[in-house]
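So the protein sequences, as listed, match chains A and B. Quick note, the first sequence lines up with residues 208 to 344 if you use this note's numbering. Quick note, the second sequence lines up with residues 208 to 344 if you use this note's numbering. No residue lacks a Cβ here, since even glycine has one placed at the ideal position from N, Cα and C. Computed from a predicted model, the values in this text were never measured in an experiment.
Protein chains: 2
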Amino acid sequence: MDDQELFALFRKNGYKVTAQRLAIYKFILTRGDHPTADQIYQELKTDYPTLSLGTIYKTLHTLKELGLIQELGFNEGSKRYDPDMELHINMVCTKCGTIYDYKAENVKKMWNTILSDLRTKPKGQRIDIYYECDDCK
Amino acid sequence: MDDQELFALFRKNGYKVTAQRLAIYKFILTRGDHPTADQIYQELKTDYPTLSLGTIYKTLHTLKELGLIQELGFNEGSKRYDPDMELHINMVCTKCGTIYDYKAENVKKMWNTILSDLRTKPKGQRIDIYYECDDCK
DNA sequence: GTAACTGCAAACGCTTTGCACTCCC
DNA sequence: GGGAGTGCAAAGCGTTTGCAGTTAC
Numbered sequence: 208m209d210d211q212e213l214f215a216l217f218r219k220n221g222y223k224v225t226a227q228r229l230a231i232y233k234f235i236l237t238r239g240d241h242p243t244a245d246q247i248y249q250e251l252k253t254d255y256p257t258l259s260l261g262t263i264y265k266t267l268h269t270l271k272e273l274g275l276i277q278e279l280g281f282n283e284g285s286k287r288y289d290p291d292m293e294l295h296i297n298m299v300c301t302k303c304g305t306i307y308d309y310k311a312e313n314v315k316k317m318w319n320t321i322l323s324d325l326r327t328k329p330k331g332q333r334i335d336i337y338y339e340c341d342d343c344k
Numbered sequence: 208m209d210d211q212e213l214f215a216l217f218r219k220n221g222y223k224v225t226a227q228r229l230a231i232y233k234f235i236l237t238r239g240d241h242p243t244a245d246q247i248y249q250e251l252k253t254d255y256p257t258l259s260l261g262t263i264y265k266t267l268h269t270l271k272e273l274g275l276i277q278e279l280g281f282n283e284g285s286k287r288y289d290p291d292m293e294l295h296i297n298m299v300c301t302k303c304g305t306i307y308d309y310k311a312e313n314v315k316k317m318w319n320t321i322l323s324d325l326r327t328k329p330k331g332q333r334i335d336i337y338y339e340c341d342d343c344k
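Below is the structure:
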């Protein structure tokens, strides 16, 4: 999605285009792992010294509302924000908490089989695999 | 698992067998949905008037430690506690929050296929499907 | 008897909310 | 110009922690 499409999506839904919203969304996009609200805050406050955590939370809800990101609650600590809206597996390191997305054809096939067994059409899904990453071993 | 095995499991790991622990674990077992800490508290305080939320949280951690239950963090509200430790899909209603476990043989087969593609051996997994249940439609 | 557990209350951390000021359109 | 957005601080809520009294073994 280019900037023009993004701007149009905001405005079509009655949201204004602001520097903070763009910065937060682009930051999430560039990070492969799925940052927490505070990680976003820590990284962006250098460039945007007046930025507040409150704004970050409000923006994250807006982005979720627009279908641009997914919110993931975990057992410990904070929620994570994932800009990949397609079917994928969240590979979660149980030690350092880093997450990366795993996509494979097999997963899509499995998912389609499962869905065809269900009577209802789901609104969304989430698949996590918990493991220990190479850095933590 | 019968009571004797359960008692033995507690004691083998240095935990004492108490009325509260048994009541909390059995309550989770009998509920098909995955209750929150507060739901457990509300239901059990009639039979155990002195029971406190603090004890419930401590017990839930103990049960998790023993591998008897799984803790599931969600986007909104509280964590849920699931006594099914085998591979299954959590069917989560996005309106009322009720969860039931969905088990299918073909899921296991496909899951093993996916796992064999990974280099690492995972420590656990979680699969959620979000939908709208019949009562909420 | 003693180490572990319970119950209570206070503390904690993440997230949300309210409100005055500011900015996009 | 006006309504939406931001920044700040206070409040909210689920969960954790500390400690004195109690219980399992």
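*Nonlocal neighbours in the same chain, by C-beta distance under 8 Å from B/Arg218, ignoring five residues either side*: Val224
*Straight-line gap, B/Tyr222 to A/Leu270 (C-alpha atoms, nearest Å)*: 46 Å
*Name the chain A residues whose beta carbon is nearer than 8 Å to that of B/Glu339?*
Thr327 and Lys330
*asked:* Here's the rule I'm using: 16 or more other beta-carbon atoms within 10 Å means buried, otherwise exposed. How should A/Cys343 be labelled?
replied: exposed
_Does A/Asn297 pass the burial test, meaning 16 or more other C-beta atoms within 10 Å, or should it be called exposed?_
buried
_How far does the alpha helix (DSSP H) with B/Val314 in it extend, from its first residue to its last?_
Glu312 to Asp324
_Contact belief for B/Ala311 with A/Asp324 at Cβ below 8 Å, rounded distance in angstroms_ = 6 Å
_Sub-8 Å separation of A/Ile235 and A/Ile263 beta-carbons_ = no
*Within 10 angstroms of its Cβ, does B/Thr266 collect 16 or more other Cβ (buried), or is it exposed?*
buried
*Going by beta carbon distance, what residues of the same chain come within less than 7 Å of B/Leu273, once the five residues before and after it are set aside?*
Leu216 and Asn220
*Taking only beta-carbon atoms, is A/Asp254 less than 8 Å away from chain B?*
no
*What three-state label does DSSP hand A/Gly261 in the structure shown?*
helix
*Cβ of B/Glu278 less than 8 Å from any chain A Cβ?*
yes
*Is the segment 245-264 of chain A touching the segment 285-302 of chain B in the sense that three or more CB pairs, one from each, lie closer than 8 Å?*
no
_A/Asp308, DSSP secondary structure in three states_ = strand
*Within the 8 Å Cβ cut-off, does B/Lys286 reach chain A?*
yes
_In the DSSP assignment, the beta strand (DSSP E) including B/Ile276 goes from what residue to what residue?_
From DSSP, B/Ile276 is part of no beta strand (DSSP E); its letter is neither H nor E.
*Where do the ends of the beta strand (DSSP E) carrying A/Asp335 lie?*
Gly331 to Tyr338
*From the DSSP output, read off the bridge partner residues of A/Cys347.*
Because residue 347 of chain A is not part of the residues shown, which for chain A are 208 to 344, the question remains open.
*What are the residues of the segment 304-315 of chain A that lie near chain B, defined by any Cβ-Cβ distance shorter than 7 Å?*
Ala311, Asn313 and Val314
*Return helix, strand or coil for A/Tyr232, following the three-state DSSP convention.*
helix
*From which residue to which residue does the beta strand (DSSP E) around A/Arg287 run?*
Arg287 to Asp289
*Of all the options B/Arg238, B/Lys315, B/Asp210 and B/Lys328, which has the alpha carbon lying nearest to the alpha carbon of B/Arg287?*
B/Arg238
*Whole angstroms is fine: what's the gap from A/Gln249's alpha carbon to A/Gln227's?*
14 Å
_Residue-level contact to chain B via CB, A/Thr243, 8 Å cutoff_ = no
_Spatial neighbours of B/Asp291 in its chain, beta-carbon cut-off 7 Å, leaving aside the 5 residues before and after_ = Asp308
*Are A/Leu294 and A/Gln246 close, meaning C-beta to C-beta below 8 Å?*
no
_Beta-carbon neighbours of B/Asn282, restricted to chain A and to distances below 8 Å_ = Glu278, Leu279, Gly280 and Lys286
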